[in-house]
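In what follows, a structure is listed as structure tokens, so that the remarks can point back to it.
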Amino acid sequence: MKLSVSQTAQLSRLLDEALPLDAAGRRAWLEKQSAEYPDLAEALRKVLLPDDSLAAGFEMLAALPKLGGAMEAPALTTGNLHAGKRVGPYEMIRPLGAGGMAQVWLARRADGAFRREVALKLPALTHLRADLEQRFAQERDILASLEHPHIARFYDAGVDPNGLSYLALEYVHGEALTDYCDAHRLGTAARLKLFLQVLDAVQFAHTKHVIHRDLKPSNILVNESGDVQLLDFGVAKLLEAEEIDHTQLTGVHGRALTPDYASPELLRGEPVDARCDVYSLGVLLYELLTDVRPYALRNAASIGLLEHAIAMVEVKKPSTRPLADTAAARGTTPEKLARQLRGDLDAIALKALAKDPARRYSSAAAIAQDLRRHLHTRPIEALPARVTDRLWKFLLRNRILVGAAVTAVVAMLAVLGFLLVRPSGEAPGDLWLDPLARARLLRLTDFAGSEQAAAISRDGRFAAFLAASGGPLDIWVTEIGTNRYRNLTEGKIQQLRNPEIRTIGFSPDGALVTFWTRAGDGSRAQDVNIVAAPTAGGELQPYLPETAEFDWSPDGKRLVFHTTAPGDPLFVRMATDVTAHQIYVAAPGVHCHFLTWAPDGEFIYFVRGDPPSADWDIWRVRPSGAGVERLTFHHTRVTYPVPLDARTVLYLATDADGSGPWLYVLDVVLKRPRRVSVGLERYTSLAANADRTRLLATVADSRSDLWRVKVDSGGPPRGTAEQIAPVSQRASAPRFGPGYIAYVSSGGARRGIWKYMNGTATELWGDASVDRVGTPSISPNGRRIAFTVQRGGATQLYAVDNDGRNVKALTRTLALRGDLAWAPDSQSLVGAIVSDGEPRLARVFLDATPPQSIVSDYSLDPVWSPDGKYFVYTGAQVATIFPLRASAPDGRPYNMPGLILTTGARRVAFARNSGSLVFLRGGIDHKDFWGLDPQTGVERQLTNLPANFAIGDFDVSPDGAEIVFDRVQESSSVVLIERGKEFEVN
Amino acid sequence: MTQLTELLARLQSGETQARDALFAVAYPELHRLARSRLRDGGRDTLLDTTCLVHEAYLRFVTAGELRAEDRRAFFAYASQVMRSVIVNSVRERVAQKRGGDWRPLTLSTQLTLPAAADEQRILKVHEALEVLEQADPRLGQVAQMRYFGGYSEQEIAETMDVTERTVRRDWEKARLILAELLR
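Going line by line, the protein sequences match chains H and Z. Note that the numbering used here gives residue 297 to position 297 of the first sequence, counting from 1, and the numbers run on in steps of one. Note that the numbering used here gives residue 1006 to position 6 of the second sequence, counting from 1, and the numbers run on in steps of one.
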């Protein structure tokens, strides 16, 4: 029925009147309205008094390919099921419940064969899978054999003649485990005893090779006798969309699998084993102990965020979570409860929740064993490994390992490396567990630009890489350890950079540095070639024509290479032959890059994928062309595979959220990847020498430094800025005090407030366990510095003397946001406190006096005028701009010339001498400082800085002669990783 | 603030030109995500659009392109983009088939959607939805978020800042009207 837009609108309005009426009312209403709206009469009648003519429309809507998690399933709206309906051999009695994925009804055998009632689960599948019956038949026997006192029985599964699939399970009458424990106010020990029942049941199923995959409190009931009953064992697998490796969490049954309890590997779509149940048990244990789940997200409706958290965020120890309510419910105090949880229970929960399955308990029985040991106060398995784990992470995080001097710390690390507790009898090789154990890291280069595409000669003596040190991009080579570098291409080659392939290499004897280059757009075969330069310097020479990438076998006798023909065909030829055999080609549009021989010459590893969508993964093939195998399922940017031995490959990969690239290691037998790098450094290339004792990587990082620029109040804008040299790596938020500059330092392990005075930098306050330190605010007499400290989402106000003494912290946490400003009387500060999601300026006191509100609207980042009569602040953001407002100390608006600030340039500061207001203006990467005269409204440009100064925060010196600001720059370096002779590969 | 946040703000304040710019930014990302989800899937691989929207949202936030406060606006808008992604893919595929050169769709730019009859259905629903949107924008938004965004009633309620009951009522009405339009 074709209705126009206006007719449809009319229809909609009329329906508002008519829908609330019952059938009789509707008929009466229709009689009246049909006359007034003749063209809509038929439509109205069909909609309000449904007959079969709308069925076609509904069917079309319902039979759409399932696009989202919330679509209806055909033949399964609640209207279709009713008491007495026959489904297979069962007869429905009454509904028990419904979830997103299935409805559950109480049912009995229609033929009276058994009097027992069952819970009949009817999954909402939109497509009838051809092999569903077959799958059910296969799994039915296995699942039916799961007889255990704590597992709800699985009786039957099938597809009835109408196409309805059903699962018949034991009907268990009970409460969800967590609810039961709460209702009975069980203490920790009693909860653990119930949990042990759960572990028993799960272990039993695992020995029968049945993984649950969807363990959660609603699947674990406690019956009237106080015994645990696990539901739905094996059901998740039965209803899987596809049996392939990357099972989507969002398969046939929408988002049926609760992400809250799902293990990281399940979320990533990787192959899972019993340890994914171990993870879910970990979440359950955590929840039983603390009443909260491991990931504290305010709005768990955002499943994507939860998945991200599960995969990336470190879990906090149960004993460190807020326990006030929990303790009350258990009839104890928060301190006692924390003490109970600290140590053993913390360790057990965290070990079960390890993101890396290899680090988890290998079985439910292992958890049970440790729990029993704990209950008998015996030492548990979970504790030793964690200590060294943290230490390793701490050292790496501090970048103590990245630097010229490495010695004593590394020696200690080497000793501790032996103490790393390895799970016994684990399948992955030792190398996969710790490929960088006992490695020394040395930063080789100190270039200001960014280095990339590192390569190392087979003997490990020479390193080559791409760098643009103030000039064009060139290939540089160095003999490792000499600190001397030679430019091999000297600006002669235009196109050297291609992040999607390995561009630089060495000839097997190390005499030549080979590199990829391209003429034009590379559309013709002859445009892409490998050229070589002598390592010792000299004339460039052709090396391999019409080739994009290549690699010599370890024995130097064979060569693998690919061209740029569609599908990037791979060829192998003997060194002595001229003819090459094609061993593999991908579909047109698919690329194969980063060809690398395995050290034993048995395989050629490569990265296969689709450049435009950055969807790559690692594959391998034998030199004969046989045995093509896909090894990873990242579906992101994957680069630089470096096989370490027959079963371990190092490589770089970005994460699903776009972060990285990080360093990963892969066990090729198990096809299991694991992230190796722990810090925030991004790896941009990776190479190894022949015996794999030396790895070369380029690592990118960003740094933040303080700079100064002189300002001449009368003269023209200045264009030169110079760097101030404080010691720490990330210096930001500078503020002038009398004779010094205070700033925030967040490099290294500690974050804190530092002081730069007379050419030296000293720490005034610092702490390692802090998430964020706010901008320092200096009191009018210059003696005291106030700042905010954020830990675990809570903000505290701190103050310290300008010599680092007299640290005081307000014990009460305040929801402070943005900068603080001391009031002229030095007794209080003005700062924004967030309530109802909006920041509003208030007066904050350093004693326990509660804050006093000053501005009732959205207000942020106050700055006092030099004469103390008013302060300015920014109002709410509208599109990209912020209005600057001014207020008297009591909150009354103060009249000031209007100023509009843009994002990225919200900060303003007063120049004390002239009273002018300094702010930033300009494009994203090219801003300059301007001054505004508050009296006249006249604006003047103060600086003329070059582009690419990413200026963040700044302050004006008291005499107005210079501005100090923080600037972020990207930096990267070439890093050598010495793995030691123990790892030589023969 | 980034381009995305700015565009969303402008769109919310009524500036309709921002829609095109926003589309240009969000479309490639969602399309790419949709494609990678359907890759390697057989006939029965299904596309959970809600998860895609969540994932795209997460990427934008992590990359600093969106603030957490933009979530509602983004989600409201993303279902529309998803719809375009799906409808465009279907149209491409239909056109390609008519062109006679039908190749198996592997790692190409198209989404791998199930059976051929479904393609026509999707296009018809899309057209009916267009009429509904113009006739009653709120109903159209709810219907779009249900079908092409795959959001639950709770999520739609949260995004549109109305009660779940309102969403249910709107949804019922939208269903009836759509069924009528599709008759």
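A virtual CB, placed ideally from N, CA and C, is assigned to each residue, including glycine.
Within 8 angstroms, do at least three Cβ pairs link the stretch 959-969 of chain H to the stretch 939-950 of chain H?
The stretch 939-950 of chain H is in contact with the stretch 959-969 of chain H.
DSSP three-state label for ILE211/H, please.
Of the three classes helix, strand and coil, the one that applies to ILE211/H here is coil, per DSSP.
Within 10 angstroms of its Cβ, does PHE736/H collect 16 or more other Cβ (buried), or is it exposed?
Buried.
Considering only C-alpha positions, which residue in the set LEU846/H, PRO839/H, GLY97/H and ASN781/H is nearest to GLN796/H?
Nearest C-alpha to GLN796/H: LEU846/H.
Mind pulling the chain H residues with CB within less than 8 angstroms of VAL1081/Z?
Per Cβ cutoff of 8 angstroms: no residues; VAL1081/Z is ~13 angstroms from chain H at best.
Interface residues of chain Z around LYS927/H at Cβ under 8 angstroms?
The contacting residues do not exist; LYS927/H stays about 15 angstroms from chain Z at best.
From ALA301/H to ALA364/H, what distance separates their C-alpha atoms?
Low local confidence applies: a pLDDT of 39 at ALA301/H is under 50, so the model's placement there is unreliable, and no value is given.
Grab me the residues of GLY1140/Z's own chain with a C-beta within less than 7 angstroms of its C-beta, minus the 5 sequence neighbours each way, in chain order.
Cβ neighbours of GLY1140/Z beyond the five flanking positions: LEU1129, LEU1132 and GLU1133.
Which same chain residues, not among the five before or five after GLY1013/H, have their C-beta less than 8 angstroms away from its C-beta?
It is not possible to answer for residue 1013/H, since the shown part of chain H is limited to 1 through 986.
Is TYR261/H closer than 9 angstroms to PRO357/H when the C-beta atoms are compared?
No, these two residues do not count as a Cβ contact at 9 angstroms.
Which residues, in order along the stretch 1122-1140 of chain Z, keep a beta-carbon less than 8 angstroms from a beta-carbon of chain H?
If the cut-off is 8 angstroms between Cβ atoms, the stretch 1122-1140 of chain Z has ILE1122, LYS1124, VAL1125, VAL1131, LEU1132, GLN1134, ALA1135, ASP1136 and LEU1139 near chain H.
Assuming the contact rule is C-beta atoms closer than 8 angstroms, PRO554/H and PRO599/H should be a hit. Round their C-beta distance to whole Å, please.
Rounded, the Cβ-Cβ distance is 6 angstroms, consistent with contact.
Of the residues THR874/H, PRO889/H and GLY891/H, which one's Cα is nearest the Cα of PRO883/H?
Among THR874/H, PRO889/H and GLY891/H, the Cα nearest to that of PRO883/H is on THR874/H.
So which residues of chain H does GLU1164/Z contact, with C-beta pairs closer than 8 angstroms?
Here the premise fails: no neighbours, minimum Cβ distance about 13 angstroms.
In whole angstroms, what separates the C-alpha of THR535/H from that of LEU431/H?
Each residue's alpha carbon lies about 32 angstroms from the other.
Consider the Cβ of VAL834/H: report whether some Cβ of chain Z lies at a distance smaller than 9 angstroms.
No, its Cβ sits nowhere closer than 9 angstroms to a Cβ of chain Z.
On the DSSP bridge list, what partners appear for ASN487/H?
TRP476/H, per the DSSP bridge assignment.
Closest by CA to ASP819/H, which one among MET896/H, PRO734/H, ASN802/H and LYS755/H?
Nearest of MET896/H, PRO734/H, ASN802/H and LYS755/H to ASP819/H, Cα basis: PRO734/H.
Which residues does DSSP list as the beta-bridge partners of LYS710/H?
DSSP output for LYS710/H lists GLU962/H as bridge partner(s).
Within 9 angstroms (strictly less), CB to CB, does LYS710/H reach chain Z?
It does not: the Cβ of LYS710/H has no partner Cβ on chain Z nearer than 9 angstroms.
Where does VAL1167/Z fall in DSSP's three states?
VAL1167/Z: helix per DSSP, three-state reduction.
Give a yes or no on whether the minimum CB-CB distance between ALA565/H and chain Z is below 9 angstroms.
Not one chain Z Cβ lies under 9 angstroms of ALA565/H.
Please report the straight-line C-alpha distance between PHE633/H and ARG458/H, rounded to a whole angstrom.
For PHE633/H and ARG458/H, the distance between alpha carbons rounds to 30 angstroms.
Give me the subset of the stretch 27-48 of chain H whose CB atoms are less than 7 angstroms from a CB atom of chain Z, sorted by chain position.
Taking 7 angstroms as the Cβ-Cβ cut-off against chain Z, the residues of the stretch 27-48 of chain H that qualify are ALA43, LYS46 and VAL47.
To the nearest angstrom, report how far apart HIS376/H and ARG675/H are at their CA atoms.
Between HIS376/H and ARG675/H, the C-alpha separation is close to 36 angstroms.
Could you name the residues of chain Z that SER859/H contacts, counting a contact when the two beta carbons are closer than 7 angstroms?
Under the 7 angstroms cutoff, chain Z gives no residues; its nearest Cβ is about 17 angstroms from SER859/H.
Whose Cβ in chain Z lies nearer than 8 angstroms to the Cβ of ALA9/H?
What ALA9/H touches in chain Z: GLN1134, ALA1135 and ASP1136.
With 16 as the cutoff for other CB atoms within 10 Å, does ASN806/H come out buried or exposed?
That one is exposed.
Which chain H residues are close to LEU1011/Z, counting only those with a beta carbon under 8 angstroms from its beta carbon?
Within chain H, no residue comes near LEU1011/Z; the closest Cβ sits about 10 angstroms away, beyond 8 angstroms.
If you reduce the DSSP assignment to three classes, tell me which class LEU395/H lands in.
A caution first: LEU395/H carries a pLDDT of 47, below 50, which makes its placement in the model unreliable, though a value can still be read off. Helix at LEU395/H.
Are ILE493/H and PHE515/H touching if we call contact CB-CB under 9 angstroms?
It is a contact, given that the beta carbons lie within the stated cut-off.
I'd like to know whether the C-beta of LEU570/H is nearer than 9 angstroms to at least one C-beta of chain Z.
No, LEU570/H lies away from the interface with chain Z (no Cβ there is under 9 angstroms from its Cβ).
List the residues of chain Z that LEU15/H touches, going by C-beta distances under 9 angstroms, in chain order.
Simply LYS1173, LEU1176 and ILE1177.
By how many angstroms is the C-alpha of ARG979/H removed from the C-alpha of ARG440/H?
Using only the alpha carbons, I get a separation of about 7 angstroms.
Please state if the CB of GLY891/H and the CB of ILE854/H are separated by a distance shorter than 9 angstroms.
Cβ atoms of ILE854/H and GLY891/H: closer than 9 angstroms.
Assuming contact is defined by CB atoms lying nearer than 9 angstroms, are TYR651/H and LEU666/H in contact in what I supplied?
For TYR651/H and LEU666/H, yes; Cβs fall inside 9 angstroms.
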